[in-house]
Amino acid sequence: MVIPLLQSLYDPRGPISLSDAQYEDILKDIEIFSLSSQVYHLIGDRDIGRMPEFFVKRLNDKYVKGMHQNLFMRHKEQEKINRLESKGLSVIPLKGVHFAERYFGHFAARVSGDIDLLVPVSELQQAIACVEGLGYTFEIIKDHHARLHDKNGLMVELHWTLDKQHWSDLHVEPFWQKAEPLKDYRYVKQLSDLHTFYFICLHGARHQMDSMRYVLDIVQMIHSAARSSITRN
Numbered sequence: 226m227v228i229p230l231l232q233s234l235y236d237p238r239g240p241i242s243l244s245d246a247q248y249e250d251i252l253k254d255i256e257i258f259s260l261s262s263q264v265y266h267l268i269g270d271r272d273i274g275r276m277p278e279f280f281v282k283r284l285n286d287k288y289v290k291g292m293h294q295n296l297f298m299r300h301k302e303q304e305k306i307n308r309l310e311s312k313g314l315s316v317i318p319l320k321g322v323h324f325a326e327r328y329f330g331h332f333a334a335r336v337s338g339d340i341d342l343l344v345p346v347s348e349l350q351q352a353i354a355c356v357e358g359l360g361y362t363f364e365i366i367k368d369h370h371a372r373l374h375d376k377n378g379l380m381v382e383l384h385w386t387l388d389k390q391h392w393s394d395l396h397v398e399p400f401w402q403k404a405e406p407l408k409d410y411r412y413v414k415q416l417s418d419l420h421t422f423y424f425i426c427l428h429g430a431r432h433q434m435d436s437m438r439y440v441l442d443i444v445q446m447i448h449s450a451a452r453s454s455i456t457r458n
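In this text, residue positions in the sequence shown follow the numbering used here: the first is 226, and each later residue adds one.
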């Protein structure tokens with residue numbers, strides 16, 4: 226049931242008329258796929274008035290809870306990249322709060338549960354030591370990332386490439402070469418739009434696209450790119 230609603234949010238020319246029972250079913254789908262923050266953000270002021278109060282309130286409650294979590298996650302991500310920057314180590318934030326800000330327009334528009342960072346394989350051990358210095362415990366090097374956690378279970382994954390070995394013929398060097406400086410940092414960068422899109426598609430495919438979250442990330446990236454193109458022209 227959630228797909229017709231999302232279609233109406235991305236294409237306002239096709240208004241949707243649903244019963245309260247159908248909105249209840251949509252809420253179930255939204256909560257199964259953890260889409261509350263994304264959907265609430267996409268609804269915006271224009272659409273709130275045409276939706277049932279119970280539906281908007283439930284989304285808002287989840288959104289506020291997610292916003293508190295993402296405030297914490299943003300602080301923790303900033304802590305990591307600031308430390309890596311201070312040590313002269315290169316890093317690219319993946320997904321998470323940075324992705325939400327860049328493509329959904331707000332840090333709370335997509336809830337994050339862990340921190341994913343891309344680092345050069347030549348600097349992996351230094352990056353692990355750097356994160357350990359922030360109170361994290363090294364857990365394992367597995368597939369394409371090193372995993373660390375703090376005493377509360379917050380996970381940090383340091384990736385040296387973007388896919389598991391033998392899952393795709395991926396060369397990470399072009400991703401670094403085309404990466405763009407992030408804000409006023411010297412060593413912290415962000416993937417280009419094209420490479421971000423490639424990564425998001427690859428990430429969803431690796432999980433067999435088994436959640437609407439992966440689909441929505443891809444749709445939002447396309448929508449964001451199209452909107453930026455219209456603005457530039």
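Heads up, the beta-carbon is just placed ideally off N, CA and C, and yes, glycines get one too. From a predicted model like this one, the values you see are computed outputs, not experimental measurements.
- Ala352 is a Cβ neighbour of Leu314, given a cutoff of 8 Å.
- In this structure Leu252 is in contact with Phe280, their Cβ atoms being roughly 6 Å apart against a cut-off of 8 Å.
- With contacts defined by Cβ atoms closer than 8 Å, Ile317 and Ala404 form a contacting pair.
- The DSSP assignment places complete alpha helix (DSSP H) segments of no fewer than 4 residues inside the region 387-450 at 398-402, 418-431, in order along the chain.
- Val264 places its beta carbon 8 Å or farther from that of Arg299.
- Runs of alpha helix (DSSP H) with 4 or more residues, each lying fully within the region 258-296, are found at 261-273, listed in chain order.
- Exclusion of the five residues before and after Glu326 leaves Phe332 as the residues of its chain whose Cβ lies within less than 7 Å of its Cβ.
- Taking 8 Å as the cut-off, the beta carbon of Leu359 is found closer than this to the beta carbon of Glu304.
- Taking 8 Å as the cut-off, the Cβ atoms of Leu383 and His370 count as close.
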